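A.B. asks: Just so you know, we're using our numbering here: the first sequence kicks off at 1 and counts up by one.
Glycine is no exception: its CB is placed at the ideal position from the N, C-alpha and C atoms.
The model shown is predicted, which means the values in this text are computed figures rather than measured ones.
Pasting in a structure now, in structure tokens, and then I'll have a few things to ask.
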Amino acid sequence: MKIATYNINGIKARAEALPAWLREAEPDVVVLQEIKSTDETFPHELFDGLGYQIETHGQKSFNGVAILSRLPLEDVTRGLPGDNSDEQARWIEATVVGKRAVRICGLYLPNGNPAPGPKYDYKLGWMERMRTRARDLLVAEEAVVMAGDYNIIPQDEDAAKPEAWREDALALPESRAAFRRILNLGFTDAFRAEVQGPGHYSFWDYQAGAWQRNNGIRIDHLLLSPQAADLLRETGIDKDIRGRDKPSDHVPVWIDLDA
DNA sequence: ATGGTTGCCGAGCAA
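Below, the structure is given as structure tokens:
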């Protein structure tokens, strides 16, 4: 079961790039972030003939997540529990039924800048709610994958210029600690289970020639429950996508599970 | 230090 995460930065802007990548990469499941559309205006027709079931959790103009799957989906839920007043569409879950059943969470973690400030408080509060949900998901002792744009640079080696991110909400010690609190429940960063060392990025800013200078950061992650980690076969980052026409500022990150 | 870019939608905000 090939599972990918891809922040597309607007589904309408990716009308050509996203279907083209799906045809090449042939993922079984994709979680999308920043669809920037409502459920009603999501362009389902872009995926006609590709065989994907589509589940969205959108909002107008900002945020919005989705799950695309060519395997059957069950028990789809929308929204991160823990705050009924939160109107930002950043979390969706579904169970994918392959050889094994896998619970997939698609997430768009708040950016949090500027820090300190209300946006950073929202980020940290959201991460605490996510930790609670992650803890609850472990109780069943089943395969769980939490995939998405975490807006977290886990370590300095995950940035080409770590000093440039020192005061940023993506890399502040409190942000990294909140990310580790989730990992410490027993989750595995799938990419780091397979690949060591610096120079592996999933995002390059549109500004200041970041792609041309390879000034990137690794902020898109797939976290695996112990039962999912047992099934991990391979992982990768589709870096080349960033150099094509009208790319997102993020590229797809994927895993292959024996499931 | 600053500015640099893209997407939303049609003015700034978010990233």
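1) By Cβ distance below 8 Å, which residues in the same chain neighbour glutamine 155 in space, the five residues on each side in sequence not counted?
2) What residue ranges within the stretch 74 to 128 form continuous alpha helix (DSSP H) runs of no fewer than 4 residues, ordered along the chain?
3) Our contact map puts alanine 160 next to asparagine 214 with C-beta atoms below 8 Å; I'd like the distance itself, whole angstroms only.
4) Report all residues from its chain with a CB closer than 8 Å to the CB of valine 195; omit the five preceding and five following residues, and keep chain order.
5) Among Lys123, Met146, Glu74 and Tyr122, which residue has its Cα nearest to the Cα of arginine 133?
6) On the premise that glutamate 40 lies in contact with asparagine 63, defined as a C-beta separation below 8 Å, what is that separation, rounded to the nearest angstrom?
7) Do tyrosine 150 and isoleucine 67 come within 8 Å of each other at the CB atom, strictly closer than that value?
8) Consult DSSP for glutamate 55 and reduce its assignment to one of helix, strand or coil.
9) Which same chain residues, not among the five before or five after tryptophan 21, have their C-beta less than 8 Å away from its C-beta?
10) Going by the CB atoms, is the gap between threonine 188 and leucine 137 shorter than 8 Å?
C.D. replies: Looking at the atomic coordinates:
1) On the first sequence, residue 155 is found 155 positions in, with the first residue counted as 1. Apart from the 5 residues on each side of it in sequence, glutamine 155 sits with its Cβ closer than 8 Å to the Cβ of Arg176 in its chain, given in chain order.
2) Counting only runs of 4 or more residues that sit fully inside the stretch 74 to 128, no alpha helix (DSSP H) segment turns up.
3) Along the first sequence, read from residue 1 onward, the residue named residue 160 stands at position 160. Along the first sequence, read from residue 1 onward, the residue named residue 214 stands at position 214. Separation of the CB atoms of alanine 160 and asparagine 214 is rounded to 6 Å, and the pair is thereby assigned contact status at 8 Å.
4) Along the first sequence, read from residue 1 onward, the residue named residue 195 stands at position 195. These residues qualify, in order along the chain: Thr235.
5) Within the first sequence, residue 133 is the residue found at index 133, counting from 1. With distances taken between Cα atoms, arginine 133 lies closest to Met146.
6) Here residue 63 refers to the residue found at position 63 of the first sequence. Here residue 40 refers to the residue found at position 40 of the first sequence. The distance from the Cβ of asparagine 63 to that of glutamate 40 is about 16 Å, inconsistent with a contact at the 8 Å cut-off.
7) Here residue 67 refers to the residue found at position 67 of the first sequence. Here residue 150 refers to the residue found at position 150 of the first sequence. The answer is no: Cβ separation not under 8 Å.
8) Here the question's residue 55 lines up with position 55 in the first sequence. Here glutamate 55 sits in strand by DSSP.
9) Taking the first residue of the first sequence as position 1, residue 21 is located at position 21. Within the same chain, tryptophan 21 has close Cβ partners Tyr6, Asp238, Ile241 and Pro252.
10) Here the question's residue 137 lines up with position 137 in the first sequence. Here the question's residue 188 lines up with position 188 in the first sequence. For leucine 137 and threonine 188, no; Cβs fall outside 8 Å.
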